[in-house]
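Colleague: Chains as they are written, first to last, in this note's numbering: chain A, 1 to 833; chain B, 1001 to 1252.
From the three backbone atoms N, C-alpha and C, an ideal C-beta is built for every residue, glycine too.
Structure incoming, see below.
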Amino acid sequence: MKKAFHIAKANLKKHKSAALSLFLILLTVSVLSTIGISIVFGVRKDYEANIDRLNGLHSAIIMSKDVYLTEYEDFIKSDSRVIEYNIGEVIYYYLFPFNYGGDVLHQIMILDADAGFTISAPPIDIRDSNIPRDRAVYLPLYAEQNLGFKTGDIFTMTHRNRPIELIVAGFFEATEYSAPNGIGLKIFVPGECFHELKNQLGSSVWITARFQNPYDSTVFNKDFRAYSDVDLFAIGEDSLVMDFSGGAENSIMPVMIISSILLVFVIIIILISLIVIRFRVTNGIDESMHTIGVLKASGYKSGQIIASYLLEYSIISLPAALFGILLALPLFSVIRQILASISATTWTLTANFPLALIFSIFISASLLLLVLLSCRRIHKIPPVEALRGGIATNSFRRNYFPLKKGLGNVHIRLGFKNMMAYAKQYLMIGAVLMASTYAIIIIAALYQNFVINNTALIQMTGIEIADIDIIVTRHTDADALALEMEKLDEVKKTAMLAPVHFSIEGTDMTGWCSDDFSLMETIRTHEGRFPRYDNEIAVTKLFADQIGKEIGDSVKVKTKGITQEYIISGFFSAASDGGRIGMMTLEGYRRLDPNYQRDNIKIYFNEGIRFDDFYGFIKANYGVVNVYQDDGDGRFSAAKARAEEKISNYLEFYGIDSVEYAVIYNSEIILSGSSRTYQIEQIVDIAEFISTQISGYADAVSIITMVVSVISLGIIALILTMVVRQIVRKRRYELGVMKAGGYTTKQLARQIAISFMPCVLFGITLGCITGTYTVNPAVTAMFASTGTYNANVYIYPLAAVIIGFLILLFTYMVINLSAKGIKHITVYELISE
Amino acid sequence: MKAIIKTEKLCKSFSVGGKQLHIIKNMDLKINEGDFTVIMGSSGSGKSTLLYAISGMDRPTLGSVWFGETDISKLTNDEMAVFRRENCGFVFQQIHLMDNMSVMDNVMTSGLLLTNNKKKIYERAIWLFTHVKLSKDLLDKFPSQLSGGEAQRVGIVRALINNPKLIFADEPTGALNSASGKAVLDVLTELYTSGQSVVVVTHDIKTAARGNRIIYLRDGALSGELNLPAYSDDNKAARMEEIQKFLERMGW
């Protein structure tokens, strides 16, 4: 072993830079795999630990006060799985826009800080007790740390277009509903403020529970719904039901996506490393053939020589693996910050040493096995053959690219000649570039489809995105208004796709119904078709798999106590709500709810029409309930706002179709009319709404795009430098002769760059083509667990060409720079050898 | 005689293990146009170092090397490369043909540095191959398939392909058997006879006998010089004797 160690040491000393390059690649693999593995296996644990530390909720149910019965508490109390529960009030709104650190959120839960909740009610750090308690608000700590909210800042929410302004008075730590890219926000206000808001906005029942085993919350929720027989929806306008898994999913899904992509990328780098090691060992044996001959002649056994190779690569790979894990350690503080920025939980995640070590040992063992396999031929080489330099690796049977004829100048032809002479190395480079380009193209496609133009991501959510959604007032005929609006110059088309709620085979679903699915632009089936008849339903493949159904199978659909059978007509992609989404025709839904009247119109604008302009037009011509505006007469604006708010409350809470009203202020009628003039209840910028919902994914992809691109280019640079140096070293003699003959360093470097170009070009082209054509299945596979079965992700061919061209330029630059080492080859050195 | 190369206070030192070794010391030397100059000396006397310093292969530590009106010691590395390709041809002891190229491509690689006219270079290569008595059958072979003498004659063709003003040869017969060595020397002699300037470094008296001017180096300085008439088979014996005496005088 000592002898093998000496040989290994000598080899390492001789090929320092190549060893360093390989060390850096393996170090990168180790760092990334440590991060990826630690996140994949630690993120859920970390989330659970956070929930425990803050006594967070395992199950949350929001329901209207009018359907809540006191016996429900007995049911909860009697459930042996429940270890703690709270029942209280919450102000809950589903479409309630407010600005939260630049993003507009639409779902809010306002809780009374003085209500004495014990679950998910962490201590509040009140920073300024002078702020009036009827206007104070306490925000998640995340808002202070990441969004720049300070004590004294105004926090504005908009209720039916009327601003509600509260003053930030303190902060609290939260595990859920605190990130700007989540589905909503949970805030606390002092009791005085809560009562003030409740008077304006109304309140719902807030039930939270903790369990011995948090995952029991799923079954508990199901049991509770069965017991209560109230239509409770996962995320609805009047209700919310969330279990532990759902909460975790909402909080950590973007993180899981990052780590999954990271691990896929690690696998690509491992493959690249294997190719490079195979190349290095084979080449190393060729280069050291004479030494092998001398060693064998001196009595060394083949096994000892092979052991020296194993030792050489162990000396590179094992420290790389260990240092990688150690290097990943300090990175976790940055990773925790990144994770916190996309998923607002406080993270304590650290490196998972045992798993990272096992993975690194596995990778190192695989590499060493490859070295062993590549070294096998040493057994077969007799000493005398090795002393003669071994079997010539270059085939001289053909003189490729002869200089006496053919196209191209001498540099191009010499470059091509060398390419043929060192074909193996160049093929390896081609393979490495193909893999790296492929990774970059995939990640660029994700960036293009998730960040620049998020249509594909929107399609993946399974939500139809028009330019605006209009919710009509109770007395308005939605179909007639849709037809009227369709005639407007600004409007390209309208469609009716109304949100409904039902359960399929006992699983709560978000549903949509329409009488013409062909009008939809962002939702697509990937198998079968959307429903055409009233006994059909379309679901996600993910959900169908969960309940073991196929297209053509029947499912039981239930809402409001009525159950009907439907046939699955098709599958569509939906990465939202865990894939628990169903679609049926309007008539189909009316089999469950015969009196159902749809109130939702989707409006698609013509080119160049902006939301704000159209909003103003609609407001002026159709009447929008509770439009808060200053009519120029500042004296009465507050009174008008108050009056319109009252009208809104009447309409909403008491089921009143219309109100005739007059507001008298100081004996003067300042506002009068009929609420029938209001045809529109609410206008929702649905694109903006969805954009906020998916911004977590976009943020995750932005981060991973940067990481993957930088590392891919770094690996290309490392491997190219390694190979160019090796080729220069191998051709040192030849390059010296050419220098003696009058070739300049620049010309020789250019020849080397040219010699790489065909393989580089081939690798990049292949990477671009395979990337472009397989991006959709690749991304679909990556996101399959979210309910995506056809991601519809693509990359513009021009973008792929530009990326390929940039990689080519980068490669050419790196090769040229690496080949500059030729200047150190002196003619004198060649002769004095 | 017109000097084609002139050195002024030429010094060349090397640093070995932190110690400065002065190989060439303040040397003033002229190489005349049309001469067959032979540089001799014992091992370590600085023969090859001098050859490479005056041929633009290496840079002097101090002093100047004038090639006509150009001080090549002041040229950049790339300018030096251009100087070599335009003015010099090199023949090495180890021949240094490029293994992965055919015989013809080894020659064309140098030839195409000065022109893109492939046909012209190819025809000149064919003429030179014929001139050095190499069979056309060898042109598409690879260096490993040639004998030492054949390979060195290919080396000479390569050196001549750009019609250089000077041929530098470092022990051109050092790695060859006597028959091959003689064939190579005949080629060099013929070149000299036709007016080509040749500078050869050698240990070998038979090689030295081909020159018309022999310079002897000792410890990095010029120690002596012998001028001879042009070589012919008739005066061979007398020349050998005269050279032998000169070398004895020099302490050979």
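P758/A lies in the alpha helix (DSSP H); which residues open and close that run?
Modeller: Looking up residue 758/A in the first sequence gives position 758. First-last of the alpha helix (DSSP H) with P758/A: 745 to 782.
Colleague: Considering only the beta carbon of each residue, do I325/A and G771/A sit closer than 8 Å?
Modeller: One-based indexing of the first sequence puts residue 325/A at position 325. One-based indexing of the first sequence puts residue 771/A at position 771. Going by C-beta atoms, I325/A is not nearer than 8 Å to G771/A.
Colleague: Judging by CA-CA distance, which residue of S755/A, S33/A, R731/A is the nearest neighbour of Y400/A?
Modeller: By one-based count along the first sequence, residue 400/A stands at place 400. Ranking the options by Cα distance to Y400/A, first place goes to S755/A.
Colleague: Any idea if S554/A is buried or exposed, counting beta-carbon neighbours within 10 angstroms, 16 or more meaning buried?
Modeller: On the first sequence, residue 554/A is found 554 positions in, with the first residue counted as 1. Classification for S554/A: exposed.
Colleague: Between L1134/B and V1154/B, is the Cβ-Cβ spacing less than 8 Å?
Modeller: Indexing the second sequence from 1 puts residue 1134/B at position 134. Indexing the second sequence from 1 puts residue 1154/B at position 154. Cβ distance < 8 Å, so L1134/B and V1154/B count as in contact.
Colleague: Please name the residue or residues paired with R1218/B in a DSSP beta bridge.
Modeller: Translated into the one-based positions of the second sequence, residue 1218/B becomes position 218. Answer is A1221/B.
Colleague: By the criterion of Cβ-Cβ separation under 7 Å, what are the contact partners of A1081/B in chain A?
Modeller: Within the second sequence, residue 1081/B is the residue found at index 81, counting from 1. Simply K739, G742, Y743, T744.
Colleague: Are K746/A and Y604/A touching if we call contact CB-CB under 8 Å?
Modeller: Residue numbering aside, residue 746/A sits at position 746 when the first sequence is read from its first letter. Residue numbering aside, residue 604/A sits at position 604 when the first sequence is read from its first letter. No, the Cβ-Cβ distance between K746/A and Y604/A is not below 8 Å.
Colleague: Just the Cα atoms here: how many angstroms apart are V189/A and V710/A?
Modeller: Position 189 of the first sequence, counted from the start, is the residue given in the question as residue 189/A. Position 710 of the first sequence, counted from the start, is the residue given in the question as residue 710/A. Spanning the two alpha carbons is a distance of roughly 45 Å.
Colleague: What did DSSP end up calling I268/A once you bin it into helix, strand or coil?
Modeller: As a working note, residue 268/A is residue 268 in the first sequence. Residue state, collapsed to three classes: helix.
Colleague: Which ranges would you report for the alpha helix (DSSP H) in the segment 275 to 346 of chain A if only whole runs of at least 4 residues count?
Modeller: Here the runs fully enclosed are 289 to 297, 302 to 342.
Colleague: Please list, in chain order, all residues of the same chain as L766/A whose beta carbon is under 7 Å from its beta carbon, the five residues on each side excluded.
Modeller: As a working note, residue 766/A is residue 766 in the first sequence. The answer, listed in chain order, is M434.
Colleague: Based on the DSSP secondary-structure assignment, which residues constitute the bridge partners of Y85/A?
Modeller: In the first sequence, the residue the question calls residue 85/A occupies position 85. A209/A, per the DSSP bridge assignment.
Colleague: Any C-beta of chain A sitting closer than 8 Å to the C-beta of S1015/B?
Modeller: Residue 1015/B sits at position 15 when you count from the first residue of the second sequence. It does not: the Cβ of S1015/B has no partner Cβ on chain A nearer than 8 Å.
Colleague: Mind the definition here: the segment 1056 to 1072 of chain B touches the segment 1116 to 1136 of chain B only if three or more C-beta pairs lie below 8 Å; say whether that holds.
Modeller: Flag = no, the segment 1056 to 1072 of chain B and the segment 1116 to 1136 of chain B do not touch.
Colleague: Since W1127/B is in the alpha helix (DSSP H), which residue starts that stretch and which ends it?
Modeller: Here residue 1127/B refers to the residue found at position 127 of the second sequence. Counting along the chain, the alpha helix (DSSP H) containing W1127/B begins and ends at 1118 to 1131.
Colleague: For the candidate residues S514/A, D469/A, A307/A, whose alpha-carbon lies nearest to that of E681/A?
Modeller: Position 681 of the first sequence, counting from 1, holds the residue named residue 681/A. Measuring from the Cα of E681/A, the nearest candidate turns out to be D469/A.
Colleague: I need the boundaries of the beta strand (DSSP E) containing E565/A, first residue and last residue.
Modeller: Within the first sequence, the letter at position 565 stands for residue 565/A. E565/A -> beta strand (DSSP E) spans 562 to 572.
Colleague: Among residues of its own chain, excluding the 5 on either side of I270/A, which ones have a beta-carbon nearer than 7 Å to its beta-carbon?
Modeller: Residue 270/A sits at position 270 when you count from the first residue of the first sequence. Cβ within range, chain order: V29, I363.
Colleague: Taking all protein chains shown into account, decide if I378/A is buried (16 or more other Cβ within 10 angstroms of its Cβ) or exposed.
Modeller: The residue labelled residue 378/A in the question sits at position 378 within the first sequence. Buried, because 16 or more other Cβ atoms sit within 10 Å of the Cβ of I378/A.
Colleague: With C-beta atoms as the reference, is D508/A less than 8 Å away from R580/A?
Modeller: Here the question's residue 508/A lines up with position 508 in the first sequence. Here the question's residue 580/A lines up with position 580 in the first sequence. Yes, they are a contact pair.
Colleague: Closer than 6 Å by C-beta to L592/A: which residues in its own chain qualify, once you throw out the five before and the five after it? Chain order, please.
Modeller: Counting from 1 along the first sequence, the entry for residue 592/A is found at position 592. For L592/A, where only same-chain residues beyond five positions count, the Cβ hits under 6 Å are T559, I562, Q564.
Colleague: From the DSSP output, read off the bridge partner residues of F1067/B.
Modeller: Here residue 1067/B is taken as the residue at index 67 of the second sequence, counted from 1. In the DSSP output, where bridge partners are listed per residue, F1067/B has I1005/B, T1070/B.
Colleague: Any beta carbon from chain A within less than 8 Å of N1100/B's own beta carbon?
Modeller: Position 100 of the second sequence, counted from the start, is the residue given in the question as residue 1100/B. Chain A, which has a Cβ nearer than 8 Å to the Cβ of N1100/B, makes this yes.
Colleague: Measure the CB-CB distance between L718/A and I822/A and report whether it falls below 8 Å.
Modeller: Residue 718/A sits at position 718 when you count from the first residue of the first sequence. Residue 822/A sits at position 822 when you count from the first residue of the first sequence. No, they are not a contact pair.
Colleague: Which one of D128/A, G42/A, D243/A has the shortest CA to CA distance from G152/A?
Modeller: The residue you call residue 152/A lines up with position 152 of the first sequence. With distances taken between Cα atoms, G152/A lies closest to D128/A.
Colleague: Just to confirm before moving on: does the CB-CB distance between V219/A and S33/A stay below 8 Å?
Modeller: In the first sequence, the residue the question calls residue 219/A occupies position 219. In the first sequence, the residue the question calls residue 33/A occupies position 33. Result no, Cβ atoms of V219/A and S33/A do not sit closer than 8 Å.
Colleague: In whole angstroms, give me the CA-to-CA distance for Y438/A and F5/A.
Modeller: Here residue 438/A corresponds to residue number 438 of the first sequence, with the count starting at 1. Here residue 5/A corresponds to residue number 5 of the first sequence, with the count starting at 1. When rounded, the distance between both Cα atoms is 39 Å.
Colleague: Between D1204/B and chain A, is any beta-carbon pair separated by less than 8 Å?
Modeller: Taking the first residue of the second sequence as 1, we reach residue 1204/B at position 204. For D1204/B, the answer is no, since every Cβ of chain A falls outside 8 Å of its Cβ.
Colleague: Mark L809/A as exposed unless 16 or more other C-beta atoms lie within 10 angstroms of its C-beta, in which case mark it buried.
Modeller: By 1-based counting over the first sequence, the position of residue 809/A is 809. Result: exposed.
Colleague: Alpha carbon to alpha carbon, what distance is there between S1110/B and M738/A?
Modeller: As a first step, residue 738/A must be located in the first sequence, where it is residue number 738. As a first step, residue 1110/B must be located in the second sequence, where it is residue number 110. About 8 Å.
Colleague: Does F155/A pass the burial test, meaning 16 or more other C-beta atoms within 10 Å, or should it be called exposed?
Modeller: Locating residue 155/A in the first sequence gives position 155, where the first residue counts as 1. With 16 or more Cβ atoms within 10 Å of its Cβ, F155/A is classed as buried.
Colleague: Could you name the residues of chain A that F1129/B contacts, counting a contact when the two beta carbons are closer than 9 Å?
Modeller: Sequence index remark: in the second sequence, residue 1129/B carries index 129 (1-based). Correct list: empty, because the minimum Cβ distance to chain A is about 12 Å.
Colleague: With burial defined as no fewer than 16 other Cβ atoms inside 10 Å of the residue's Cβ, what is the status of G1063/B: buried or exposed?
Modeller: Within the second sequence, residue 1063/B is the residue found at index 63, counting from 1. Answer is buried; the Cβ neighbour count reaches 16.
Colleague: Name the chain A residues whose beta carbon is nearer than 8 Å to that of S1110/B?
Modeller: In the second sequence, the residue the question calls residue 1110/B occupies position 110. Within chain A, the residues near S1110/B are G741, G742.
Colleague: Under a CB-based cut-off of 8 Å, is M1027/B close to chain A?
Modeller: In the second sequence, residue 1027/B corresponds to position 27, counting from 1. Chain A contact via Cβ: absent.
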